[in-house]
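Undergrad: Let me begin by handing over the structure; questions about it come next.
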Amino acid sequence: MDEAYKANGIIHCRVAGVYFHIPFCQSRCLYCDFFSTTSLSLRTAYVNALKKEMHLRSTECQNIRTVYFGGGTPSLLSGDEIGSLLKELDLSQATEITVEANPGDITPQWLERLQQAGVNRLSIGIQSFHDSLLHLIGRRHNAQQARQAVKMAQQAGFNNISIDLIYGLPSQTLQQWENEVEEALKLDIQHLSCYCLTYEEGTPLTKMLNQGQIPSTDDDIANAMYDNLSERLAKTGFEHYEVSNFAKKGCHSQHNSAYWNQTPYVGFGAGAHSYDGNRTRRANISDLNEYISSPGGKRTYLTETLSDTDFYNERIMLGLRTAYGIDVSSLTPLGLRCAQKYIEEGKLCIDGSRIVATQEGLHLLNRIIEDLFE
420 MDEAYKANGI IHCRVAGVYF HIPFCQSRCL YCDFFSTTSL SLRTAYVNAL KKEMHLRSTE
480 CQNIRTVYFG GGTPSLLSGD EIGSLLKELD LSQATEITVE ANPGDITPQW LERLQQAGVN
540 RLSIGIQSFH DSLLHLIGRR HNAQQARQAV KMAQQAGFNN ISIDLIYGLP SQTLQQWENE
600 VEEALKLDIQ HLSCYCLTYE EGTPLTKMLN QGQIPSTDDD IANAMYDNLS ERLAKTGFEH
660 YEVSNFAKKG CHSQHNSAYW NQTPYVGFGA GAHSYDGNRT RRANISDLNE YISSPGGKRT
720 YLTETLSDTD FYNERIMLGL RTAYGIDVSS LTPLGLRCAQ KYIEEGKLCI DGSRIVATQE
780 GLHLLNRIIE DLFE
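Next comes the structure, spelled out in structure tokens:
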């Protein structure tokens, strides 16, 4: 592969991002369908298995620029455990090392260990500043702990902090959501990820919805929440660089941007995914015991090679999620005709040689993307 390539109008280095999936949770949130487990007794064995997989796949980890610990709840690992994993990598070129954290897990001692290990970015899963909503969705922290967690991180010297919020929660009002956004801005964070609640099949929250125990949020209200978010953050200097992500200048998530730009990344751990930048994807199986017994073994992962159609559709899907959009020249004639229809309707627009979604188009983005697929 070439040392550099051009995507979304920007020159990117052909370098690897590394992802660690940490599947442990003290308790499962009621809306979550990610692969996770509450079997915390397996934590040490899992960390050792991660190191074994890293050794087996060491040739894939060249020129690492970003590292990301996701989950699950990575903050259930000690700072020393996170540091021991990072020591296995050549991070001489790394510019961003992120750890996801639950507010209730953050302590000054843990933060100090992270900094000693080289971690320079935190992604804190706050989800809401309303205790009643946090209780409803099964979060194990409260709003005050969330505020304190951000302040502790800032006092420890972290100056690249992201928080997650969810909108469209059961019974959540537009005024409550506006308050959530204001609370976030008061914390002087650098990055904000906001997701509309989705009811995933098989989750307790979906069961509660189907049984009439909670109300669903009206689409018009959810759209109004999203528009309010976009407008408010734009006034305070946040760039809306991906459909769900906002950042101050220079604080875009480098690691997640690699996913959207189809750059190579390596995923370690049960349930982790990898992409070689040349159409081959790898998915580790979501079986904790099997992974621990044979990390990196052939029985523990599956591979897929993207067809031309798959690669094209993925480029459309990922590109239109970002503020950079997709290059007009990358569309097929059929895709271009379909895009023209949405341009006339004001849901897409032309920005130089690129097609990007408008604010109105972002409300219908999934439908637009599907219509542009081959």
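In our numbering, each residue carries its 1-based index in the sequence shown increased by 419.
Every residue, glycine too, gets a C-beta built ideally from N, C-alpha and C.
For the beta strand (DSSP E) that contains Ser693, what are its first and last residues?
TA: Unbroken beta strand (DSSP E) run through Ser693: 692 to 694.
Undergrad: Looking at C-alpha atoms only, which residue of Leu475, Gln546, Leu541 is the closest neighbour of Gly557?
TA: If we check each option's Cα against that of Gly557, Gln546 comes out closest.
Undergrad: For Asp639, count neighbouring Cβ atoms within 10 angstroms of its own Cβ and tell me buried if that reaches 16, exposed if not.
TA: Exposed is the call here.
Undergrad: Between which two residues does the beta strand (DSSP E) carrying Asn703 extend?
TA: 699 to 703 is the span of the beta strand (DSSP E), which, as asked, contains Asn703.
Undergrad: What number of angstroms, rounded off, separates the C-alpha of Arg651 from the C-alpha of Asn642?
TA: Between Arg651 and Asn642, the C-alpha separation is close to 14 Å.
Undergrad: Report the partner residues of Phe687 according to the DSSP bridge assignment.
TA: Note: Phe687 sits in a beta bridge opposite Phe439.
Undergrad: Is the separation between the beta-carbon of Phe687 and that of Phe439 shorter than 8 Å?
TA: Yes, Cβ-Cβ distance for Phe687 and Phe439 is below 8 Å.
Undergrad: Kindly indicate the opening and closing residues of the alpha helix (DSSP H) around Arg718.
TA: That residue, Arg718, is in no alpha helix (DSSP H); it is neither H nor E in DSSP.
Undergrad: For Tyr614, list the residues DSSP reports as bridge partners.
TA: Answer is Ile585.
Undergrad: For Tyr399, which residues of its own chain have a beta-carbon under 6 Å away from its beta-carbon, when the five flanking residues on both sides are left out?
TA: Given that the chain is displayed from residue 420 to residue 793, the structure contains no residue 399 and the question cannot be resolved.
Undergrad: Determine the extent of the beta strand (DSSP E) in which Gly502 is found, giving its start and end residues.
TA: Gly502 -> not in any beta strand (DSSP E); alpha helix (DSSP H) instead, spanning 498 to 505.
Undergrad: Of all the options Ala689, Ser676, Ala520, which has the alpha carbon lying nearest to the alpha carbon of Gln564?
TA: The candidate whose alpha carbon is nearest that of Gln564 is Ala520.
Undergrad: Using 10 angstroms around the beta-carbon of Asp524, count the other beta-carbons present and answer buried if the total reaches 16, otherwise exposed.
TA: Asp524 comes out buried.
Undergrad: Compute the Euclidean distance between the alpha carbons of Gly537 and Gly502, then round it to the nearest angstrom.
TA: Answer to the nearest angstrom: the Cα atoms are 8 Å apart.
Undergrad: Would you mind sorting Asp421 into buried or exposed? The rule is 16 or more other CB atoms within 10 Å of its CB.
TA: Low per-residue confidence applies at Asp421: pLDDT is 35, beneath 50, and the placement is therefore not dependable enough to give any value.
Undergrad: In or out: Ile769 buried (at least 16 other Cβ within 10 Å) or exposed?
TA: Burial call: exposed.
Undergrad: If the criterion is Cβ atoms closer than 8 Å, does the pair Ala677 and Gly436 meet it?
TA: Yes; because the gap between Cβ atoms is below 8 Å, this pair is in contact.
Undergrad: In the DSSP output, which residue or residues are listed as bridge partners for Ile787?
TA: According to DSSP, which records beta bridges pairwise, Ile787 is partnered with nothing at all.
Undergrad: I'd like the list of long-range same chain contacts for Gly386, defined as Cβ closer than 6 Å, with 5 residues on each side in sequence excluded.
TA: The structure shown has nothing for residue 386, since the chain only spans 420 to 793.
Undergrad: Can we say the segment 575 to 591 touches the segment 526 to 541, given the rule of at least three CB pairs closer than 8 Å?
TA: In short, these stretches touch, since the Cβ pair count reaches three.
Undergrad: In this structure, does DSSP put Ile774 in helix, strand or coil?
TA: Ile774 falls in the strand class under three-state DSSP.
Undergrad: Given a cut-off of 8 Å on the beta-carbon distance, is the pair Thr699 and Thr719 in contact?
TA: Cβ atoms of Thr699 and Thr719: not closer than 8 Å.
Undergrad: Let me check understanding here. Comparing Cα to Cα, which of Phe453, Tyr487, Asp706 lies closest to Leu461?
TA: Considering only alpha carbons, the answer is Asp706.
Undergrad: Give me whichever residues DSSP pairs with Phe548 in a beta bridge.
TA: Phe548 is not bridged to any residue.
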